[in-house]
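Per numbering that gives the first Met the number 0, residue 0 is the first one in the sequence shown, and the count goes up by one each step.
Glycine included, each C-beta is placed from N, C-alpha and C at the ideal position.
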Amino acid sequence: MTLSTVSCSRDHPLPRGPEDLAPTPPVGSVPFPNRLNPGNDGTSYEPCSVSANEVISLGWSPTSKRDAATVDKQTARGCIWHDAQLGSVWSVSQIVGNSPSLDAYRTSHPHFTWLPDVTINGRTIGVHLMGPSTCATSVQSQRAGVSTIVSYNRVPAPPTSQICDRAIAFTRATISQMPI
């Protein structure tokens with residue numbers, strides 16, 4: 000699976016360096032000393048800090064949270080959650096990766112099926128399909144893109160509109176925490 004990131008403009012000062020970001024890795028995650036690295040240090044936003052109440056309100060299980068990284072120094076920084084319904088095959092991940100702009104990201108990923116952008120809180124959100132059962136949103140936060148990726152891991156998958164609706168809902172619930 001390819002992970003995605005995007006960009007737009009910025010209105011807030013950028014962090015001076017990794018010491019200013021202080022992201023919080025998920026509780027119980029494998030400790031990666033280089034989780035924050037030059038590939039994902041462009042925003043102070045930490046996807047793993049999404050509150051349990053927000054996760055529950057969107058139908059995801061807060062106890063299923065795990066780090067999106069599988070190795071140290073991985074470019075993607077974020078977390079993955081699973082649906083709250085027992086036996087469900089839904090998952091959502093939200094990751095950060097440095098990116099110059101949404102347009103640059105779109106240009107470098109022509110293989111994705113790009114859907115019409117949506118606007119949330121005045122910010123442009125790129126929406127794209129990463130396959131028949133995976134939809135992602137991408138929004139700029141400082142010098143990095145934040146991608147929310149929702150997958151349905153069984154065939155047949157529900158309509159892509161249903162999958163994208165869940166990605167957009169997670170983005171809508173968390174975008175106010177993402178510095179511009």
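Apart from sequence neighbours up to five positions away, the residues of its chain that approach residue 170 with a beta-carbon distance below 7 Å are 119, 124, 136, 138, 147, ordered along the chain.
Looking at the backbone, the Cα of residue 153 and that of residue 36 are separated by about 34 Å. For residue 87, the secondary structure class from DSSP, reduced to helix, strand or coil, is coil. Excluding its 5 nearest sequence neighbours in each direction, residue 74 has C-beta neighbours in its own chain below 7 Å: 38, 39, 96, listed in chain order.
Sequence-distant partners of residue 168 (beyond 5 residues in either direction) whose C-beta falls short of 7 Å from its own C-beta, in its chain, are 57. Counted as a single uninterrupted DSSP element, the alpha helix (DSSP H) harbouring residue 161 occupies residues 159-173.
In the DSSP annotation of this structure, the continuous segment of the beta strand (DSSP E) that includes residue 135 starts and ends at 133-140.
For residue 104, the closest C-alpha among the options 127, 121, 82, 150 is that of 127.
Less than 7 Å separates the beta-carbon of residue 145 from that of residue 177. In this structure, the alpha-carbon of residue 88 lies about 6 Å from that of residue 151. The distance from the Cβ of residue 134 to that of residue 162 is about 4 Å, consistent with a contact at the 8 Å cut-off.
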